[in-house]
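Remarks on the structure that follows.
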Amino acid sequence: MPEIIDKKVNLEFPMGHHLHCMVAQIPNHLRRADIGFCVVDPDEKWRLISSILDLVAAGEGNLKKLHFLMFPESSLPLSRFNDMLAAIEQNFRPNTVTVFGVEHVRLSEYRELLERFQADNAEALQLVDHDIDSGDVLNMPVNWCCAAVKETDGRLRVFLEAKSHPFHGEEYVDKFHDLYRGRHFYLFRSRPSCFNFMAIICLDYLYRDLYSSNIRQIIDHADKLYFTTRQGLDALFVIQCNPKPEHSAYRDVISGFYGEYLEDTPGVRETVTVFGNASDETDIQDSPAGSAFGSSYVVINRHHRLAQVSFSEFSTDDFDGAPVCRLKFGNGTRLLYFNLPPQHEIDPRSTRVSLKVHAVMSLDEAGVWHKIALDE
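For reference, each letter of the sequence shown is one residue, going 462 to 837 in the working numbering.
Right, here's the structure in full:
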C-alpha cells in the first residue's frame with residue numbers, strides 16, 4: 462500500500478467560512494504511445510486549459526474566492542508542464558491549490574521531475590529510488606498528477622504523485638508496458654487555517670486487496686490525526702478520466718467511508734469528497750464503445766442534509782441509498798464552481814443548505830467560457 466506523507470503548507474484560508482472549488486470537466490483525447498498513453502491534440506488541449514487558467518487569473522465575479530482548481534487525470538501534455546506551473550506562479554492569487562493530471566512518462570523521467578522538485582518531494586524520491594534499486598523498471602510508464610500550491614507569500618510549491626493502480630487500458634502481459642505503481646500519497650496540512658486535504662487519482666480511491674486498501678489506510682491515518690490533534694481530513698480530491706463514474710464499486714467504498722458502523726471513524730466523518738471527471742467528449746484508444754464519462758460529483762456526510770432536486774445541469778441524491786448526500790453534475794464539457802461545506806454539521810433547526818452551486822460554465826464556438834442560466 463502507498464505510504465501517506467504529511468506535508469505542511471502555508472495557506473491562510475478564511476477561518477470558519479466555506480471554501481470554493483472549481484472542477485474543469487473537460488475532454489481527454491488519448492492514444493497509445495510507446496510509453497503508456499499520450500494526448501492526441503497537445504496544442505489544442507493547451508489552448509483549452511489556458512482559457513481556464515486565464516479565466517481564474519482574471520477573477521471576475523466571485524472567482525477571486527477560488528481556492529481549489531481541479532483538472533482531469535492525464536489531461537495536460539507533458540510539453541506544457543512548465544507553462545502550466547509558470548501560469549499558476551505568475552497569475553494565480555495566493556492561497557490557491559491546483560491539481561492536474563499529466564500524460565504518461567517513463568519512470569526515469571518521473572524521477573527527474575521528483576529530483577527537480579526535491580525540496581517538496583524528498584520522501585517520494587527515496588521511495589522511487591528504492592524501486593529502481595530493486596529491478597529494471599526505468600522504462601515503465603507512470604500515470605501521475607501534480608498538486609501546485611501557491612502559498613500565502615506567493616511561493617509556489619510543487620508536489621508530484623504517481624497513480625498506484627491502472628485503468629483497463631494500462632494492464633499488459635508484457636511487464637514493460639504495465640503501469641508503475643506509485644508508493645505515496647500526500648496529506649496536506651495547511652497552516653494557519655488547519656484545513657487538511659489530499660488529492661489522489663481515480664482508481665486509487667478503490668484499490669484494495671484481501672487484507673488492506675488505499676481508502677482504509679487513508680481513514681486510519683485521518684483517525685490517528687484526529688486522536689492526536691483533534692483535526693481530521695477536511696477534503697479529498699479525486700481526479701479522474703473515468704468511463705464508469707457511477708460504477709457500484711464507488712458506491713460501495715463511499716458507503717464504507719461515510720457509514721462504518723462497526724467502529725468510529727471521526728477523522729473522516731466531515732470529509733468533503735470531490736470526484737472531478739473528464740467530460741463525455743472524451744475518447745481513449747481501444748476504450749469499449751458506449752463509455753460514459755462526465756458526471757463529476759461532490760459527496761458529504763448525510764447529516765449535512767441536501768434537498769432532493771433535479772435540474773438540467775445538476776441534481777442531488779444519496780447515491781442509491783448510501784449514507785451520504787451527493788451533488789451530481791451532468792456529462793458535458795463544463796466548468797463547475799461550487800463551495801466546499803464548512804466542516805461541521807448544520808443545526809437541524811436550520812433550513813440553510815451547506816453546499817451551493819455558484820456557477821456552471823460552458824464553452825462557446827469562439828472558445829470563451831460563459832455562465833449557463835440554471836433552470837432552478
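Note that beta-carbon positions come from the ideal geometry of N, C-alpha and C, so glycine has one too.
Quick check: what's the CA-CA separation for residue i versus residue j?
i: Asn543; j: Leu574; result: 11 angstroms
i: Leu694; j: Phe656; result: 8 angstroms
i: Gly728; j: Phe718; result: 10 angstroms
i: Phe474; j: Arg691; result: 18 angstroms
i: Met545; j: Ser673; result: 36 angstroms
i: Ala518; j: Pro803; result: 25 angstroms
i: Pro602; j: Glu564; result: 10 angstroms
i: Trp830; j: Ser740; result: 15 angstroms
i: Leu599; j: Pro463; result: 19 angstroms
i: Arg787; j: Thr734; result: 10 angstroms
i: Asp744; j: Arg730; result: 36 angstroms
i: Gly793; j: Gln486; result: 8 angstroms
i: Val501; j: Asp665; result: 25 angstroms
i: Gly643; j: Asp467; result: 16 angstroms
i: Arg508; j: Phe561; result: 15 angstroms
i: Ile715; j: Leu767; result: 17 angstroms
Determine which residues share a DSSP beta bridge with residue i and list them.
i: Ser709; result: Answer by DSSP bridge pairing: none, since Ser709 is not bridged.
i: Lys468; result: Phe649
i: Tyr798; result: Met483, Ala820
i: Leu509; result: Answer is none; Leu509 lacks a bridge partner.
i: Cys606; result: Gly562, Glu622
i: Thr777; result: Leu788
i: Ser771; result: Ser776
Using CA coordinates, which residue listed in the options is at the minimum distance from residue i?
i: Val770; options: Asn675, Leu835, Ala548; result: Leu835
i: Ile470; options: Asp581, Ala739, Ser740, Val699; result: Sequence inspection shows Val at residue 470; the Ile mentioned does not correspond to that position. When each option's Cα is compared against that of Val470, the closest is Asp581.
i: Leu537; options: Asp779, Leu514, His708, Asn600; result: Leu514
i: Phe646; options: Asn604, Arg652, Ile661, Gly793; result: Ile661
i: Thr726; options: Ser569, Leu801, Tyr687; result: Tyr687
Given residue i, which residues of its chain have a CB within under 8 angstroms of its CB, disregarding the five upstream and five downstream residues?
i: Gln746; result: Leu491, Arg492, Arg493, Phe498, Gly630
i: Gly791; result: Gly755, Ser756, Ser773, Glu774, Phe775
i: Leu617; result: Leu546, Ile549, Glu550, Ala609, Val610, Lys611
i: Asn556; result: Leu472, Glu473, Phe474, His528, Lys611, Glu612, Thr613
i: Pro706; result: Phe736, Asn738, Ala753, Phe754, Gly755, Ser756, Ser757, Tyr758
Beta carbon of residue i: closer than 8 angstroms to some heavy atom of the ligand ATP?
i: Gln746; result: Absence of the ligand ATP is noted for the structure shown, with no ligands found whatsoever.
Which residues in the same chain have their Cβ closer than 7 angstroms to the Cβ of residue i, if we skip the five residues on either side of it in sequence?
i: Val619; result: Leu546, Phe578, Asp581, Cys607, Ala609
i: Pro704; result: Ser748, Ser752, Ala753, Phe754
i: Glu576; result: Leu586
Below 6 angstroms CB to CB, which residues in the same chain sit around residue i once its five sequence neighbours on both sides are set aside?
i: Phe529; result: Cys482, Val558
i: Gly720; result: Pro784
i: Asn552; result: Ala518
i: Arg866; result: With the chain covering only 462 through 837, there is no way to say anything about residue 866.
Against chain B, does residue i count as a neighbour if the rule is that its beta carbon must be under 9 angstroms from one of theirs?
i: Asp515; result: Among the chains of the structure shown, chain B does not appear; only one protein chain is present.
Report yes or no: do three or more beta-carbon pairs, one from the region 519–528 and one from the region 614–626, lie closer than 8 angstroms? no
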